[in-house]
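Chemist:
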Amino acid sequence: LRLYNVFGPGERASRLIPRVVAAAREGRKFRLSGDPHSLSDPLYIDDVVDVLIAAVESSLSGTLDLCGGDPTALLDQVGRIAVALDLPIPEIESEPDPAQTPIRFWSDPKPTLRALDLSPFITFPAAVRHYGLEVGWLS
């Protein structure tokens, strides 16, 4: 399995979602480095676990791509995270690097889900809310 941008409880505070939460809660600007139009296609850890179990129990071989299936520009992802957690959307301070090519790091999870006979994942906002409940950002 080739995993794309996994998120969830236990991730480093320097990752996107914890950084957005911290900026929104503290009422400060969110610093977004790199190209704000780079695509982010996060995958919730609970979904990864389900796929890993199904893959181990299957007889499939070869490379299977696994991502969230909802690629979104980083600039927009910040707002989606805040809204999903009922937080104010922080002002974004973008630090684009003109030498950097926008990242298009995503794939379609449907072939992997079909091959393993699994249902589609919960939506990104629903996964962020679930994450928020697990770590105490929401009550």
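For the sequence shown, our numbering gives the first residue as 35, with consecutive numbering after it. Heads up, the beta-carbon is just placed ideally off N, CA and C, and yes, glycines get one too.
Look up residue 106 in the DSSP assignment and say whether it is helix, strand or coil.
Modeler: Looking at residue 106 - three-state DSSP - the assignment turns out to be strand.
Chemist: Can you tell me the Cβ-Cβ gap for residue 167 and residue 88, rounded? I've got them flagged as a contact below 8 Å.
Modeler: Residue 167 to residue 88, Cβ: 25 Å. No contact.
Chemist: Tell me, please, whether the stretch 125–143 touches the stretch 55–75 by the rule of three or more beta-carbon pairs shorter than 8 Å.
Modeler: Enough Cβ pairs lie closer than 8 Å, so yes.
Chemist: Can you list the alpha helix (DSSP H) stretches of 4 or more residues lying completely in the stretch 57–130, in chain order?
Modeler: Counting whole runs of 4 or more residues, the stretch 57–130 contains the alpha helix (DSSP H) stretches 79–91 and 108–118.
Chemist: Could you pull the DSSP bridge partners for residue 41 from this structure?
Modeler: Paired residue(s): 78.
Chemist: With 8 Å as the threshold, decide whether the Cβ of residue 147 is near any Cβ in chain D.
Modeler: Of the protein chains in this structure there is only one, and it is not chain D.
Chemist: Could you tell me whether the stretch 157–172 touches the stretch 78–95, where touching means 3 or more Cβ pairs closer than 8 Å?
Modeler: Output reads yes: the stretch 78–95 touches the stretch 157–172.
Chemist: Would DSSP call residue 163 helix, strand or coil?
Modeler: Here residue 163 sits in helix by DSSP.
Chemist: Identify which residue in 86, 171, 39 and 58 has its Cα closest to the Cα of residue 74.
Modeler: The option with the nearest alpha carbon to residue 74 is 39.
Chemist: Spatial neighbours of residue 119 within its chain, please: CB distance less than 8 Å, with the 5 preceding and 5 following residues excluded, ordered by chain position.
Modeler: 55, 58, 162, 163, 166, 171 and 172, listed in sequence order.
Chemist: Smallest Cα separation from residue 49: which of 136, 111 and 148?
Modeler: Measuring from the Cα of residue 49, the nearest candidate turns out to be 111.
Chemist: Helix, strand or coil for residue 46 per DSSP?
Modeler: Reduced to three states, the DSSP call for residue 46 is coil.
Chemist: Within 10 angstroms of its Cβ, does residue 41 collect 16 or more other Cβ (buried), or is it exposed?
Modeler: Residue 41 is buried by the Cβ-count criterion.
Chemist: List the whole-angstrom C-beta distance separating residue 100 from residue 46, where the pair is believed to meet the contact cut-off of C-beta under 8 Å.
Modeler: Going by Cβ atoms, the distance from residue 100 to residue 46 rounds to 21 Å, so no, they are not a contact pair.
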